[in-house]
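Protein chains in written order, with the UniProt record's numbering: chain A, 1 to 123; chain B, 1 to 345; chain C, 1 to 295.
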Amino acid sequence: MSASSNAAKHRTLMAAIGDEDTVTGILLAGIGQVTSEPGKERNFYVASENTKMEELERKFDEFINRDDVAILLINQFLADKIRVLIDTYTKPFPAILEIPSKDHPYDPEKDSILRRLRRLMGE
Amino acid sequence: MEGLYFNIEGGYLEGVIRGYRNGLLTSSQYVNLTQCDNLEDLKLQLSATEYGNFLSDVSGKLSTSVLEQKLSEDLVKQFRYLRAQASEPLSKLMDYITYGYMIDNVALMITGTIHERDRSEILERCHPLGWFDTLPTLSVATDIESLYETVLVDTPLAPYFHNCFSVDDLDDTNIEIIRNTLYKAYLEDFYEFSKTLSSPSNEVMERLLSFEADKRAINICVNSLDTDLTVEDKLKMLPGLGKLSAPAFQHDLAHADDLEQIKMTVTSILEYRDFFDESNGKTLEDRFYEYEMSLCKNAFTQQFTYSTVWAFVRSKEQEIRNITWIAECIAQSQKDRINNYIAVY
Amino acid sequence: MSGAGNRDNVFPTRMTLALEKGKLKGAEQGYSLLKRKSEALTKRFRDITKRINDAKRKMGRVLQTAAFSLAEVSYAVGGNIGYQVQESVSGKARFKVKARQENVSGVYLPQFETEIDESINDFKMAGLGRGGQQVQRAREVYTKAVETLVDLASLQTAFVILDEVIKVTNRRVNAIEHVIIPRTENTIAYINSELDEVDREEFYRLKKVQEKKQQAIVVEEAEDAARKAKIKEAKRKRKEAKKQAAKKAAEEKAAKLRAAEKKIAEQKAAEKKIAQQKAAEKKAAEAESCRAKRC
């Protein structure tokens with residue numbers, strides 16, 4: 001456990017995958033970081049309903065494999081597209097949070113973590 | 001006297017504009033809109049207005065962004081129709097109106113070019129009213145210098161650039177400063193132009209533009225309070241027209257360190273004394289819009305004027321904002337704020 | 001699980017028995033400790049699951065409010081500022097998180113804390129011409145919203161880690177309870193039974209040995225008796241032989257004796273004859289002497 005908690009020390013960034021409004025809002029809060037380091041240029045990605053699944057998967061992979069990302073925020077409607085990836089994701093870091101978007105209110109039924117939670121609770 | 005010959009050139013267009021103006025939503029229609037429980041209801045309500053079935057070809061779930069896009073398309077369509085019919089000097093005036101959007105587009109292009117973004121993505125985001133012929137050639141520009149030399153130089157905005165910036169400035173000046181400096185030059189130019197119009201167009205336009213300038217001046221000063229903009233920077237962006245353009249006012253505004261000082265300066269103008277009154281939960285921006293709308297409404301009371309185009313465009317824009325706002329409130333179940341729209345007709 | 005076959009493959013000696021007993025004790029202690037750990041973690045886990053549920057629902061509301069503040073911006077600016085905001089981002093992030101550790105029964109749970117670097121603001125200029133105040137307000141609202149997201153992320157990470165740790169702990173508890181302890185018990189039982197068996201064997205063996213010994217003794221005694229009888233017989237024979245010999249000897253002796261006696265008697269008879277002759281000669285000499293004297 002200590003290995004992963006040490007790793008957590010260097011994770012200071014948040015990353016976001018979302019529609020334009022969500023990303024804009026989260027960027028306003030100031031999570032954005034842009035560097036010239038390859039693979040870490042931007043820690044946010046704007047997607048839409050029409051974004052290709054491969055592209056989403058690629059970005060998702062990129063963010064969860066970055067060693068400086070502590071929390072990854074992703075719009076639920078986008079998470080739905082790569083649900084398999086999220087359901088099979090078990091690492092504690094980065095934490096993946098499914099967040100609602102403006103046009104897609106939050107649905108607790110779909111949330112991977114909440115579903116896992118309900119399964120544990122025997123519902 | 002001008003009115004005598006006005007109808008020869010402008011009669012048809014004024015008729016069309018007034019027709020469009022009558023198509024603007026009325027207070028009671030707004031009330032109907034606010035009663036909607038979801039966006040589909042809203043769509044239904046809108047189909048009973050001048051908009052008709054403009055949303056009928058939207059497939060899938062209706063979202064506020066789609067709605068806003070469709071509303072804007074409607075405005076663009078109307079504007080283009082008017083522009084196609086217009087002759088001098090109305091066509092010139094309408095061109096001037098588009099310059100404002102061009103500035104936004106140019107700002108977008110500069111931002112995109114600095115960060116080496118995808119050109120098609122930038123073009124997609126450009127406001128259609130601010131379209132100019134060289135815009136697609138944007139793709140050849142790879143840096144700011146070539147952007148200026150191949151694209152911007154040929155736009156009507158070139159003189160504004162010429163007066164304010166050298167090419168080197170474009171690289172490291174904040175895009176907002178560029179935008180606002182350009183806008184200042186643009187307003188001043190527009191103002192000069194509107195003076196040449198026949199009466200009463202010139203009077204109405206001057207009034208509208210003055211307010212536009214004051215609005216920007218107040219905004220710039222209020223919004224730059226917490227930034228490290230220097231007084232010189234601010235003065236460079238304050239337009240040289242409007243009620244607040246007197247050097248004493250500009251000095252006070254630019255040197256203000258907190259909101260109170262700005263408030264004191266602004267409220268010394270009779271018409272603007274309510275602007276900072278935050279009772280009723282109205283923000284400064286709300287006050288601006290209210291005042292602007294009342295000016296636009298008044299603009300229609302004059303006959304034989306070209307200024308109705310400006311008033312119409314502004315009113316229509318406000319209407320788009322209103323509908324989007326209402327849609328947003330409905331979509332996000334924030335009904336308690338839904339009456340925040342501004343309806344004057 | 002149980003079943004005599006399930007045991008450690010050990011050599012059933014008393015030494016191993018002591019070892020296995022120690023092992024069982026250790027396992028039982030470990031079991032109770034782990035069980036307690038698992039209970040403590042589960043308690044924490046339940047607490048977290050409850051909070052996570054609430055927090056997720058709350059997040060929905062918070063973000064909705066935040067999204068609405070963005071709608072206000074759009075209203076004030078009269079357009080979308082998304083692109084501008086995205087492009088304004090430069091350099092370091094203003095909003096960062098720091099992971100602090102919290103120790104729950106030996107499990108380190110990260111607790112994210114927000115760290116806001118107020119010196120960084122990429123959006124100071126946003127909406128300078130119009131809507132700047134709304135932009136700044138939206139910024140504040142979103143900062144708050146993201147802070148709740150960070151709290152939620154802490155909960156969620158704790159949830160994921162605890163879930164994993166509890167699973168592992170429970171697996172160990174179960175392994176100890178259902179595998180190690182029964183197996184050790186089986187082993188002990190096996191050793192015990194084996195040792196008993198050995199004992200019994202030993203006893204039987206001893207008994208057998210004794211029996212053999214007894215037999216041997218009987219045989220020996222018999223032999224002994226036989227020998228003794230033999231010896232007796234021999235003795236008797238010897239004696240008899242002796243007797244006979246003695247008899248013989250005696251007879252011989254007697255014979256000898258008799259012979260001697262005969263001899264002696266013969267001698268005596270000879271002597272007597274001699275003596276008689278002598279006496280006859282004497283008498284004849286005396287008679288002659290007497291004659292000679294008379295003479």
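Even for Gly, the Cβ is constructed at its ideal location relative to N, Cα and C.
Can you tell me whether DSSP reads residue i as helix, strand or coil?
i	result
PHE203/C	helix
VAL104/C	strand
SER5/A	Because the pLDDT at SER5/A is just 47, under 50, the model does not fix this residue reliably, and the value given afterwards should be weighed accordingly. Here SER5/A sits in helix by DSSP.
ALA93/C	coil
VAL34/A	strand
MET125/C	coil
LYS91/A	coil
residue 358/C	Outside the displayed range of chain C (1 to 295) lies residue 358/C, so it cannot be described from this structure.
ILE120/C	coil
THR114/C	strand
VAL16/B	helix
ALA255/C	helix
LYS61/B	coil
ALA241/C	helix
ALA99/C	strand
GLU285/B	helix
MET1/C	Annotation note: pLDDT 38 at MET1/C (below 50); position unreliable, no value reported.
GLU221/C	helix
LEU70/C	helix
ILE231/C	helix
For a contact meaning CB atoms closer than 8 angstroms, what does residue i contact in chain A?
i	result
ASN53/C	PRO108, LEU114 and LEU117
THR49/C	LEU117, LEU120 and MET121
Where do the ends of the beta strand (DSSP E) carrying residue i lie?
i	result
TYR45/A	44 to 46
ILE74/A	69 to 75
ALA16/A	13 to 18
In the DSSP assignment, the alpha helix (DSSP H) including residue i goes from what residue to what residue?
i	result
VAL165/C	132 to 175
LYS263/B	259 to 267
THR113/B	90 to 114
PRO247/B	247 to 255
ALA30/B	Here residue 30/B turns out to be Tyr, not Ala, going by the sequence shown. That run of the alpha helix (DSSP H) goes 27 to 34.
PHE60/A	53 to 64
residue 347/B	Look at the range of chain B in this structure, 1 to 345, and you will see that residue 347/B is not part of it.
residue 346/B	Within the shown structure, residues of chain B are numbered from 1 to 345, placing residue 346/B beyond reach of any answer.
ASN180/B	175 to 195
VAL231/B	231 to 237
residue 359/B	Residue 359/B lies beyond the stretch modelled for chain B, which goes from 1 to 345, so this question has no answer here.
Anything in chain A within Cβ reach of residue i, meaning under 9 angstroms, just list it in chain order.
i	result
GLN332/B	LYS102 and PRO105
SER105/C	Within 9 angstroms Cβ-Cβ: nothing; SER105/C doesn't reach chain A, min ~11 angstroms.
So with CB distances below 9 angstroms, who are the chain C contacts of residue i?
i	result
GLY112/B	TYR83 and GLU87
THR12/A	ALA93, LYS96, VAL97, LYS98, ALA99 and GLU115
ALA70/A	LYS96, VAL97, LYS98, ALA99, PRO110, PHE112, VAL150, ALA153 and THR157
ALA111/A	According to the sequence as given, residue 111/A is Asp; it is not Ala. The contacting residues are LYS56.
LEU73/A	VAL146, LEU149 and ALA153
For residue i, which residues in chain C fall below 8 angstroms Cβ to Cβ?
i	result
ILE99/A	MET59, LEU63 and LEU149
HIS115/B	GLU87
GLU301/B	In the sequence as presented, Glu is not what sits at residue 301/B; that position holds Thr. Per Cβ cutoff of 8 angstroms: no residues; THR301/B is ~25 angstroms from chain C at best.
ASP61/A	The contacting residues do not exist; ASP61/A stays about 19 angstroms from chain C at best.
Could you work out which residues of chain C lie near residue i, taking near to mean beta carbons separated by less than 7 angstroms?
i	result
ILE220/B	LEU128 and GLY129
ASN174/B	MET125
query = Per the contact definition of three or more C-beta pairs closer than 8 angstroms, is the region 5 to 12 of chain C in contact with the region 113 to 120 of chain C?
reply = no
request  = Residues of the region 48 to 66 of chain B with a CB closer than 7 angstroms to any CB of chain A: list them in chain order, please.
outcome  = SER63
inquiry  = Output needed in chain order: residues of the region 15 to 42 of chain C with a Cβ under 8 angstroms from some Cβ in chain A.
reply    = none
query = Listed from N- to C-terminal order along the chain, which residues in the region 31 to 52 of chain A have their beta-carbon within a distance smaller than 8 angstroms of any beta-carbon of chain F?
reply = Structure shown: chain F not included; protein chains present are A, B and C.
ask   = In the region 119 to 132 of chain C, which residues sit with their C-beta less than 9 angstroms from some C-beta in chain A, listed in chain order?
value = ILE120, ASN121, ASP122, PHE123 and ALA126
message = Would the region 166 to 178 of chain C count as touching the region 34 to 46 of chain A if we require 3 or more Cβ pairs under 8 angstroms?
response = For the pair of segments examined, the region 166 to 178 of chain C was found not to touch the region 34 to 46 of chain A: the number of CB pairs separated by less than 8 angstroms stays below three.
request  = State whether the region 283 to 300 of chain B contacts the region 46 to 53 of chain C, with contact taken as three or more CB pairs (one from each stretch) at a distance under 8 angstroms.
outcome  = Per the Cβ contact rule, the region 283 to 300 of chain B is not in contact with the region 46 to 53 of chain C (fewer than 3 Cβ pairs under 8 angstroms).
At least three beta-carbon pairs within less than 8 angstroms, the region 126 to 136 of chain C to the region 145 to 158 of chain C = no
The region 65 to 79 of chain C: positions lying closer than 7 angstroms to chain A by Cβ = ALA66, ALA67 and LEU70
ask   = Okay, do the region 55 to 67 of chain C and the region 186 to 196 of chain C touch, 3+ Cβ pairs below 8 angstroms being the bar?
value = no
query = Should the region 78 to 88 of chain C be called in touch with the region 98 to 107 of chain C, which here means at least 3 C-beta pairs below 8 angstroms?
reply = No, the region 78 to 88 of chain C does not touch the region 98 to 107 of chain C.
At least 3 beta-carbon pairs within less than 8 angstroms: the region 146 to 160 of chain B vs the region 121 to 137 of chain B = yes
key: Contact the region 82 to 94 of chain A vs the region 11 to 21 of chain C: 3+ CB pairs below 8 angstroms   = no
message = Three or more C-beta pairs under 8 angstroms: does that hold for the region 50 to 62 of chain B against the region 82 to 90 of chain B?
response = no
ask   = Quick one: any contact between the region 68 to 75 of chain B and the region 98 to 116 of chain B, if contact means 3 or more CB pairs under 8 angstroms?
value = Output reads no: the region 98 to 116 of chain B does not touch the region 68 to 75 of chain B.
request  = Kindly confirm or deny that the region 305 to 315 of chain B and the region 6 to 25 of chain B touch, where touching means at least three C-beta pairs closer than 8 angstroms.
outcome  = yes
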